[in-house]
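Novice: A single structure is presented below for examination.
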Amino acid sequence: MGRGSRQQRGRGAHPLAAPQARDGTHTQRARRRLSRAGGSRVTSLRNRLLVALVGAVVLAGALGAWLSYRIAKTEADAFFDAQLRETALLLRDEVQVFPGAARLPRSLPEYDFIVQVWSRDGVRVYLSRPHEVVPGLTGPGLSTTRTTSGSWRVYGVETGRGVIQVAQPMDVRERRAARVALRSLVPFAVLVPALSILVAWIVARTVRPVRGFADALRRRRPDDVKQVVVDGLPDEVRPVAEALNELLARLRSALDRERAFLADAAHELRTPITALDLQAQALADAGDDRRAAALGDLRAGVKRVGRLIEQLLALAREQHGASAAHATLDLDELVRRTVAEFVPLAEAAEIDLGIESADPVRVAGDADALRRLLGNLLDNAVRYTPAGGRIDVAVQREDGSPPRALVTVADTGPGIPPEERERVFDRFHRVPGTSGTGSGLGLALARSIAARHDGEVLLRDGPGGRGLYAVVRLPAVPGP
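For my numbering, count along the sequence shown from 1 and bump the result up by 92.
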């Protein structure tokens, strides 16, 4: 690596002072986009509640009505059977049966049943409706029999001289039982619609805050990222609103950063562009003897503006997560190649740049981004280290759970005061009193790249309290 190469020097790398293992999570990960797959229709929560609750009411009402109908019909049948039995027993006490004749009360009320009296030898001696096709003689008790005129329900009771039968047409019983059962459905016919209307009103009242919440969001301007009011929202919806507020807070922070970034970029670009304009004017006015120097100044200015724009674009890409996929990398080899690129600059500035040690260690990351991270640290070191100084780079593996990879850059420059070591990671911030042509973006970009790789960049005092000691900590890939 030329005069700056010290890979065989055998010096140990400067240990990290008070290492603080911190696992960062990149805050600018690619956001997932919410979409409606295939353009599918999203059902209203209100309609879903209405369909579910009204359907449940109707189903429960129908089931209750069916049970009520069956119970009422069964009870009506039992009542009619009891009526037949009581009538037969009553007639048994009043009817005298003689051979060939029966004595009945003079007036038998007109009922929807018939009465037959049979002698002991099976001869019908009385029929309340002589012209009716009626069932024949049956045994005592309840029975159902069929005739050409239909089915009959019969109750027979024996007397000392014969049998008394009371029979009722089944179709009459069915009609009467159905009327009784249908009357039991009247409450359901009233309650089910009433409950459905009540459910619809309750659902509408319940989702009213949600609809108001949605309307308030719909009326917002695109640039309105104030937090939404969650008071009055149902407990089931409140977590969604609170999550939305967290998202709005992050969006507001991102917009503030974007506005600050644009303002800072415009401010930082104004000075070099003005300088370019002045240098172009000087070139136009310069004589032949000064034209070469003026042209050199113009080229240097263009180079500075180009580097500033390049770093602005790189920082914007990092902060928006627009980067390549991670791959397993040999960190020690990546560091060697990056250091080799800066050796000519270091030699031109009379700075001794070299690698003290490079332990074999692998990391998962974006090679271009990590090269940019290390390049910014080396650029700062070369830029601020005076002639005759030195810059030592080392790669170490830190065993632990999980293992870490450390890249250290130690220089003998002026260093950074402790109170400024956090602020230098802000965009466009420069340490007061320092000279140089830096853009103030290098360390901000380095921290952003490290954070995306779940790592960090730390700044410490250099060896012996001189210069700056920069440490990059990255998760190492397990294995030798």
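Positions of the beta carbon are idealized from the N, C-alpha and C atoms, including for glycine.
Quick caveat, the model's predicted, so the values are computed rather than measured.
Mind listing, in chain order, the continuous alpha helix (DSSP H) runs of no fewer than 4 residues lying wholly within the stretch 215–299?
Specialist: Listed in chain order, the complete alpha helix (DSSP H) runs (minimum 4 residues) inside the stretch 215–299 are 262–275.
Novice: Would you kindly check if the distance between the Cβ of Val397 and the Cβ of Ala438 is under 8 Å?
Specialist: Against a cut-off of 8 Å, the Cβ pair of Val397 and Ala438 comes out as no contact.
Novice: Inspect the CB distances between the stretch 165–176 and the stretch 236–253 and report whether three or more fall short of 8 Å.
Specialist: Because the criterion of three Cβ pairs below 8 Å is met, the stretch 165–176 and the stretch 236–253 touch.
Novice: Please go through the same chain and pick out, in chain order, the residues whose beta-carbon is closer than 6 Å to the beta-carbon of Glu490, but skip the five residues on each side of it.
Specialist: Excluding sequence neighbours, Glu490 sits near Arg496 and Leu498.
Novice: Counting contacts by CB-CB distance shorter than 8 Å, is Ser276 in contact with chain B?
Specialist: Absent from the structure is chain B; it holds one protein chain and no more.
Novice: Skipping 5 residues on each side, what residues in its chain have a beta carbon closer than 8 Å to that of Asp173?
Specialist: Leu234, Arg245 and Tyr247, listed in sequence order.
Novice: Taking just the CA atoms, how far does Arg310 sit from Leu339?
Specialist: Taking the straight line joining both Cα atoms gives about 16 Å.
Novice: Pick from Ala144, Val258, His223 and Thr420: whose alpha carbon is nearest that of Leu182?
Specialist: Minimum Cα distance to Leu182 is reached at Val258.
Novice: Would you say Val284 and Val149 are within 8 Å of each other, going by their C-beta atoms?
Specialist: In contact: Val284 and Val149 (Cβ atoms closer than 8 Å).
Novice: Would you kindly work out how many angstroms separate the C-alpha atoms of Arg95 and Asp444, rounded to a whole number?
Specialist: Any reading at Arg95 needs caution, since the residue's pLDDT is 41, under 50, leaving its predicted position unreliable; the model's value is listed next. Whole-angstrom Cα-Cα distance: 7 Å.
Novice: Looking only at its own chain, which residues have a Cβ that is under 8 Å from the Cβ of Arg539, when we skip the five neighbours before and after it?
Specialist: Only Phe517, Glu548 and Val549 meet the Cβ criterion.
Novice: Would you give the residue range spanned by the beta strand (DSSP E) that Pro436 belongs to?
Specialist: No beta strand (DSSP E) contains Pro436, which is instead part of the alpha helix (DSSP H) from Leu423 to Ala440.
Novice: Is Thr420 closer than 8 Å to Arg454 when the C-beta atoms are compared?
Specialist: Yes, they are a contact pair.
Novice: Is the number of C-beta pairs between the stretch 204–224 and the stretch 138–155 that are closer than 8 Å three or more?
Specialist: Cβ pair count under 8 Å is below three, so no.
Novice: By DSSP, does Thr477 sit in helix, in strand, or in coil?
Specialist: It is coil, neither helix nor strand.
Novice: Assign Asp458 to buried or exposed, taking buried as 16 or more other Cβ atoms, counted over all protein chains shown, within 10 Å of its Cβ.
Specialist: Answer is buried; the Cβ neighbour count reaches 16.
Novice: Identify every residue that forms a DSSP beta bridge with Arg552.
Specialist: Answer is Tyr561, bridged to Arg552.
Novice: Name the DSSP beta bridge partners of Thr420, please?
Specialist: Thr420 is bridged to Ala456.
Novice: Within the continuous alpha helix (DSSP H) that includes Arg537, where are the two ends?
Specialist: In the sequence under discussion, the amino acid at residue 537 is Leu, which differs from the Arg named in the question. It spans Gly534 to Arg544 - the alpha helix (DSSP H) in which Leu537 sits, taken as one unbroken run.
Novice: Return yes when the Cβ of Leu465 is within less than 8 Å of the Cβ of Ile541, no when it is not.
Specialist: Yes.
Novice: From Gln373 to Leu390, what distance separates their C-alpha atoms?
Specialist: Going by the C-alpha atoms only, they are around 10 Å apart.
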